[in-house]
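Step one of this worksheet: look at the structure below.
In our numbering, the protein residues as written are 12 to 216.
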């Protein structure tokens, strides 16, 4: 039975791949290249390094898991050094490479996207739905998925930096109101460079 899918002109052997949070470094990319995952998703990378949330941030049972990782990652500068090699490993294994970008400001998303595409990634996923993140001021990061003006600012500056010929995916949070969800999806897909959606990221808190 053929369960392959095509996204952004890329062929995926099947629709199952790793969650972004499970792959952050070169060694994890190497392991995924040998796995049955149809693609390799790296993420989420922020402009500056982050240690993530402290304390017990992962809970696992045989039936489900809960996490509040807080976007731990080495930052763009360090990731850029190894990103071309990550892409090469994925492509040598016949897998598309997806880069998940997480920003605290609209320009973060634009810079992350431009660098990722310059390093050869196939798809940049804009993570607009990561809820369990706190800043140095102790306040919770705004969840972009629910802020139409912020979505507009992010997508506008990304478009200005990468154009509409590249493949941009947008990751959203769960919406409790179906009508609000459909309205947001239509709004996001009105941007020509957005060619895929990831549904859906973690519930907040």
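Heads up, the beta-carbon is just placed ideally off N, CA and C, and yes, glycines get one too.
As the structure is a computational prediction, the values presented were derived from the model and not from experiment.
Own chain residues within Cβ distance below 6 angstroms of residue i, not counting five before or after
| i | result |
| --- | --- |
| residue 114 | 120 |
| residue 110 | 53, 127, 132 and 135 |
| residue 14 | 25 |
| residue 117 | 164, 165 and 168 |
| residue 16 | 23 and 26 |
Endpoints, beta strand (DSSP E) assigned at residue i
| i | result |
| --- | --- |
| residue 177 | Unbroken run through residue 177: none, as it is neither H nor E. |
| residue 11 | With the chain represented from 12 up to 216, any question about residue 11 goes unanswered, as that position is not in the structure. |
| residue 205 | 205-210 |
| residue 29 | Per DSSP, residue 29 belongs to no beta strand (DSSP E) and is neither H nor E. |
Secondary structure of residue i, DSSP reduced to three states
| i | result |
| --- | --- |
| residue 198 | helix |
| residue 22 | strand |
| residue 137 | strand |
| residue 78 | strand |
| residue 108 | strand |
| residue 192 | helix |
| residue 218 | With the chain represented from 12 up to 216, any question about residue 218 goes unanswered, as that position is not in the structure. |
| residue 13 | coil |
| residue 67 | coil |
| residue 84 | strand |
7 angstroms Cβ shell around residue i - same chain, five flanking residues per side excluded
| i | result |
| --- | --- |
| residue 128 | 135, 173 and 177 |
| residue 175 | 203 and 204 |
| residue 63 | 80, 81, 82 and 83 |
Residue i and residue j closer than 9 angstroms at C-beta
| i | j | result |
| --- | --- | --- |
| residue 107 | residue 49 | yes |
| residue 84 | residue 57 | yes |
| residue 166 | residue 205 | yes |
| residue 132 | residue 53 | yes |
| residue 141 | residue 72 | no |
| residue 77 | residue 69 | yes |
| residue 67 | residue 143 | no |
| residue 31 | residue 103 | no |
| residue 130 | residue 91 | yes |
Boundaries of the alpha helix (DSSP H) in which residue i is found, first to last residue
| i | result |
| --- | --- |
| residue 155 | Careful: residue 155 lies outside any alpha helix (DSSP H) and carries neither H nor E. |
| residue 101 | 87-103 |
| residue 113 | Looking at the DSSP string, residue 113 is not in any alpha helix (DSSP H), and its letter there is neither H nor E. |
| residue 41 | 37-44 |
Cut-off 8 angstroms between Cβ atoms - residues of its own chain near residue i, not counting five sequence neighbours on either side
| i | result |
| --- | --- |
| residue 27 | 47, 48 and 49 |
| residue 86 | 56, 57, 58, 59, 60 and 61 |
| residue 193 | none |
task: Could you say if the region 180-193 and the region 134-154 meet the contact criterion of at least three C-beta pairs nearer than 8 angstroms?
output: Per the Cβ contact rule, the region 180-193 is in contact with the region 134-154 (3 or more Cβ pairs under 8 angstroms).
- prompt: Using 8 angstroms as the threshold, is the region 28-48 in touch with the region 144-159, meaning 3 or more CB pairs across them?
  reply: The region 28-48 is not in contact with the region 144-159.
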